[in-house]
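Visitor: Mapping of the sequence shown onto the working numbering: residues 1127 to 1281, in sequence order.
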Amino acid sequence: MSSTLTKEMKDMKDCIDACNSLLRGELSAIETYSMAIHTYVGEPEALALEKIRSEHIESANLLRQNVKAMGGEPDHNSGAWGTFAKTVQSTANMLGERTAINVLLQGEEHGRNSYNAALENDDVMPECKELISSILLPRILRHIAVLETLGVPAN
């Protein structure tokens, strides 16, 4: 096997790993928003949170397709980060709506940082970076803006 082919295979595996990491973040977001929505049943915030959750579902599906297109196996669960995020969100839900929104906001900021890191990562292929910069990261930035609006206390 030539060294060029070996490097291409390693690059592909590294890109799959990076995309699976982002996928686990999206799966964690879906789980966390599902929990938070229960805090807002009957409240106007519920619609905004449901829309954000739907966009995380779409993002997860795009990342799954991307991993499959590279010949990889998409991750099926959110892993340790998802367990931690659900625990934190559960506690925040008990403490009230503002706390729940703030935890969601922190999660979105973590997602933004993860996507920015992927854009800077030389192991992530240009096609993957295009998906991140054109669709996935702009969604996260919109989510942050919505949550910042929801988290502002009424006077």
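Don't be surprised by glycine CBs; every beta carbon is placed ideally from N, CA and C.
Whether or not the region 1129-1149 and the region 1246-1253 are in contact is what I'm after, with contact meaning three or more pairs of Cβ atoms, one per stretch, closer than 8 Å; do they touch?
Guide: With a cut-off of 8 Å, the region 1129-1149 and the region 1246-1253 count as touching, because enough Cβ pairs lie within range.
Visitor: Between the alpha carbons of His1114 and Glu1152, how many angstroms are there, rounded?
Guide: Summary: the structure shown does not reach residue 1114, with the chain confined to residues 1127 through 1281, and so no result is reported for it.
Visitor: Kindly indicate which three-state DSSP category His1202 falls into: helix, strand or coil?
Guide: Reduced to three states, the DSSP call for His1202 is coil.
Visitor: Shortest alpha-carbon distance to His1202 belongs to which of Arg1150, Glu1274 and Lys1136?
Guide: When each option's Cα is compared against that of His1202, the closest is Arg1150.
Visitor: Please work out which residues of its chain come closer than 6 Å, Cβ to Cβ, to His1182, disregarding the five sequence neighbours upstream and downstream, and give them in chain order.
Guide: Taken in chain order, the residues that qualify are Glu1152, Ala1155 and Ile1156.
Visitor: Whole angstroms is fine: what's the gap from Leu1276's alpha carbon to Glu1134's?
Guide: If you take the alpha carbons of Leu1276 and Glu1134, they lie about 45 Å apart.
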